[in-house]
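The working numbering runs 3 ahead of the 1-based position in the first sequence.
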Amino acid sequence: MANDKKMVEQITAMDVDFAQWYTDVVKKAELVDYSGVKGCMIIRPYGYAIWENIQHDLDARFKRLGHENVYMPMFIPESLLQKEKDHVAGFAPECAIVTIGGQNKLAERLVVRPTSETLFCDHYKNIIHSYRDLPKLYNQWCNVVRWEKTTRPFLRTSEFLWQEGHTMHANEEEAREETLQMLKCYEDFYRETLAIPAVTGRKTEKEKFAGAMETYTIEPMMHNGVALQGGTSHYFGDGFCRAFDITFTDKDNQVRYPHQTSWGVSTRMIGAIIMTHGDDNGLILPPKVAPIQVAIIPVAQHKEGVLEKANELKNLLAESFRVKLDDSDNSTGWKYSQYEMKGVPLRLELGPRDIENNCCVLVSRVSREKKVVSLDHLVEEVKAALASVHDELLARAEKNLQEKMSIARTHEEFLDIAENHPGFIKAMWCGDSACEDQLKDETGGVKSRCIPFVEEHLGDTCVCCGKPAKHMVVFGRQY
RNA sequence: CGGGGUGUGGCGCAGUUGGUAGCGCGCGACGUUUGGGACGUCGAUGCCGCAGGUUCGAAUCCUGUCACUCCGACCA
Numbered sequence: 004m005a006n007d008k009k010m011v012e013q014i015t016a017m018d019v020d021f022a023q024w025y026t027d028v029v030k031k032a033e034l035v036d037y038s039g040v041k042g043c044m045i046i047r048p049y050g051y052a053i054w055e056n057i058q059h060d061l062d063a064r065f066k067r068l069g070h071e072n073v074y075m076p077m078f079i080p081e082s083l084l085q086k087e088k089d090h091v092a093g094f095a096p097e098c099a100i101v102t103i104g105g106q107n108k109l110a111e112r113l114v115v116r117p118t119s120e121t122l123f124c125d126h127y128k129n130i131i132h133s134y135r136d137l138p139k140l141y142n143q144w145c146n147v148v149r150w151e152k153t154t155r156p157f158l159r160t161s162e163f164l165w166q167e168g169h170t171m172h173a174n175e176e177e178a179r180e181e182t183l184q185m186l187k188c189y190e191d192f193y194r195e196t197l198a199i200p201a202v203t204g205r206k207t208e209k210e211k212f213a214g215a216m217e218t219y220t221i222e223p224m225m226h227n228g229v230a231l232q233g234g235t236s237h238y239f240g241d242g243f244c245r246a247f248d249i250t251f252t253d254k255d256n257q258v259r260y261p262h263q264t265s266w267g268v269s270t271r272m273i274g275a276i277i278m279t280h281g282d283d284n285g286l287i288l289p290p291k292v293a294p295i296q297v298a299i300i301p302v303a304q305h306k307e308g309v310l311e312k313a314n315e316l317k318n319l320l321a322e323s324f325r326v327k328l329d330d331s332d333n334s335t336g337w338k339y340s341q342y343e344m345k346g347v348p349l350r351l352e353l354g355p356r357d358i359e360n361n362c363c364v365l366v367s368r369v370s371r372e373k374k375v376v377s378l379d380h381l382v383e384e385v386k387a388a389l390a391s392v393h394d395e396l397l398a399r400a401e402k403n404l405q406e407k408m409s410i411a412r413t414h415e416e417f418l419d420i421a422e423n424h425p426g427f428i429k430a431m432w433c434g435d436s437a438c439e440d441q442l443k444d445e446t447g448g449v450k451s452r453c454i455p456f457v458e459e460h461l462g463d464t465c466v467c468c469g470k471p472a473k474h475m476v477v478f479g480r481q482y
């Protein structure tokens with residue numbers, strides 16, 4: 004049995020065509036189907052179950068930090084969206100707008116929410132009056148619509164599912180703290196739950212969210228070296244509050260504007276999982292979000308006692324794990340491939356020989372090595388095997404991130420790396436967005452990802468213009 | 001928004017100089033199989049993207065239109 008042999012012919016190899024590989028995996032693993040509306044995807048049960056697991060984990064993290072869930076309308080009156088000028092300028096080009104209700108033309112057009120800052124502000128205006136009303140720590144799970152020109156399942160879709168946290172604070176310090184805390188929350192989630200390492204930091208002026216004073220971002224690197232903006236956390240200052248006239252009376256009897264944050268992650272994370280962990284045999288799911296953690300495959304299931312024993316193991320394991328016993332009449336080989344394609348982290352094979360010896364075979368999706376284990380300590384063995392899958396995935400992704408991280412000290416070096424070495428590039432930068440534009444033009448799409456929290460001193464001058472450098476920036480192409 | 005490509009059973013495709021639609025996979029039944037995508041027999045499935053036109057006759061030729069897709073540009 005050759006481990007390096009590609010077992011699944013329906014999936015295009017990564018090296019041949021990464022984009023096609025991605026599309027194949029998304030379809031063959033039954034995560035999505037295309038719908039009749041451009042850019043809108045049907046998230047199938049297996050894909051949606053991943054999202055549900057993500058939600059459960061993240062939601063618990065948010066609540067532990069004191070946040071409450073709410074639900075806002077999906078329609079925003081156009082005038083409301085226009086209250087904050089930077090915000091509307093950023094989103095206007097990609098809004099879907101409802102103009103007819105029933106049979107009648109609407110008096111005011113309704114924008115299908117691309118994000119809900121304005122709705123939250125409109126509501127906060129009514130419920131925030133005193134410092135005693137602060138902080139307000141709200142979150143909502145919902146869908147949003149952004150009319151994208153080019154779309155790809157999970158990575159960029161016209162409609163997507165996400166969570167958006169919107170908080171209000173009595174002062175700047177507290178709001179800034181919240182902004183950073185939530186980015187840290189995302190970073191922990193990415194590592195601990197998705198097994199994905201990432202670069203984190205602050206967006207440059209040019210890449211900031213429309214209307215924000217600061218945007219912080221988490222930027223994981225995909226297997227092919229391309230970045231994915233994996234989540235953002237924004238500090239707004241009091242800009243929206245001034246535009247929406249939200250005020251409160253502080254302890255000292257002074258009327259003040261609250262300070263605001265928002266933060267969000269979306270179904271795009273599923274795209275990050277696919278492109279970070281997947282291989283030529285298909286998807287590999289981090290155990291903590293895998294809808295099926297253990298697939299039990301009976302061997303020679305028609306033989307006396309095999310299915311009975313398999314069911315017994317299923318019931319035992321189901322107390323601690325998400326388990327599926329496949330007793331369909333597909334061949335065992337077909338089942339092996341099927342669950343590998345769908346990224347199930349652990350396979351358990353059980354046949355007559357195993358039953359005779361009171362053991363079974365565990366196969367990790369990452370290494371595809373078979374390990375014979377005794378049935379006496381099965382729960383512990385499975386637990387350890389799943390933990391090891393998580394660790395291996397994280398280690399592998401970290402290795403990829405390090406290997407594809409380059410340093411550019413000169414302009415020529417930057418262009419050479421951009422051309423010949425896929426991945427992130429660390430370089431010094433003067434702070435002028437003209438240099439960002441120039442580098443992007445010259446390289447055909449390499450943009451600043453962020454100014455990392457921990458900067459290194461790589462030199463004194465900007466990699467683009469040669470003027471004194473202000474920051475170290477991580478650059479890269481993005482999805 | 002510019003440039004290219006593709007629309008034919010569920011999926012992937014073939015279809016010659018116009019003659020009334022085929023293959024593989026999948027699907028269903030039965031039988032044999034079962035430790036890395038098994039095999040045989042039988043069977044079901046088509047407004048050939050849509051609308052016009054040419055013609056005795058159009059999947060095929062002409063015009064228009066719509067959708068999808070890839071590469072740019074734009075964008076979280």
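The C-beta atom is built at its ideal place from N, Cα and C for all residues, glycine as well.
All figures in this text were calculated on a predicted structure; none of them were measured in a lab.
Please classify Trp337 as buried or exposed, where buried requires at least 16 other C-beta atoms within 10 Å of its C-beta.
exposed
Using a 10 Å radius around the Cβ and a threshold of 16 neighbouring Cβ atoms, would you call Val477 buried or exposed?
buried
Just to confirm before moving on: does the CB-CB distance between Val326 and Val297 stay below 8 Å?
Annotated as proximal: Val326 and Val297, with beta-carbon spacing under 8 Å.
Helix, strand or coil: how does DSSP classify Ala99 here?
Strand.
Buried or exposed for Pro471, please, with buried defined as at least 16 other CB atoms from any protein chain shown within 10 angstroms of its CB.
exposed
Just list the residues that DSSP pairs Lys373 with in beta bridges.
Val366
Please confirm whether Val466 and Ala430 have their CB atoms less than 8 Å apart.
yes
In whole angstroms, what separates the C-alpha of Phe192 from that of Gln232?
15 Å
In the DSSP assignment, the alpha helix (DSSP H) including Gly93 goes from what residue to what residue?
Lys88 to Phe94
Sufficient close CB pairs (3 or more, under 8 Å) joining the segment 226-243 to the segment 264-282:
Because the criterion of three Cβ pairs below 8 Å is met, the segment 226-243 and the segment 264-282 touch.
Report the three-state DSSP secondary structure of Pro471 (helix, strand or coil).
strand
Let's see if you can read the secondary structure: which residues bound the beta strand (DSSP E) around Met225?
Taken as a continuous stretch (DSSP letters only), Met225 belongs to no beta strand (DSSP E), as it is neither H nor E.
How big is the Cα-Cα spacing for Arg135 and Tyr127?
14 Å
Within the continuous alpha helix (DSSP H) that includes Phe21, where are the two ends?
Where Phe21 is concerned, the enclosing alpha helix (DSSP H) stretches over Phe21 to Lys31.
Quick one: what does DSSP say Ala201 is sitting in, helix, strand or coil?
coil
What residue range does the beta strand (DSSP E) around Lys429 cover?
Phe427 to Trp432
Cβ-based burial, Tyr74 [other Cβ within 10 Å; buried from 16]
exposed
Straight-line Cα distance separating Leu164 from Leu353:
39 Å
Who does His172 pair with in a DSSP beta bridge?
In DSSP, His172 forms a bridge with His262.
Can you give the Cα-Cα distance for Trp144 and Thr270, rounded to whole angstroms?
Straight-line Cα distance between these residues: approximately 11 Å.
Beta carbon of Pro289, beta carbon of Ala198: below 8 Å?
yes
Mind checking whether Glu458 and Lys209 have CB atoms under 8 Å apart?
no
Cutoff 7 Å; reference Ala22; Cβ partners in own chain excluding five residues on either side
none
From the DSSP secondary-structure annotation, give me the bridge partner or partners of His237.
Thr218 and Ser265
Asn284 vs Met344 beta-carbon contact at 8 Å
Yes, these two residues count as a Cβ contact at 8 Å.
Ser409 - containing beta strand (DSSP E), residue span
Met408 to Ile410
For Pro96, does the count of other Cβ atoms within 10 angstroms reach 16, so buried, or fall short, so exposed?
exposed
Where are the beta strand (DSSP E) runs, 3 residues long or more, that stay fully inside the segment 47-74, in chain order?
Fully enclosed beta strand (DSSP E) runs of 3 or longer: not present.
So which of Leu113, Asp330, Met185 and Gly469 has the shortest CA-CA distance to Ala437?
Gly469
Nearest to Met408 by alpha carbon, out of Glu176, Asn423 and His132?
Asn423
For Glu81 and Leu418, what's the separation of their Cα atoms in angstroms?
The alpha-carbon atoms of Glu81 and Leu418 are separated by roughly 43 Å.
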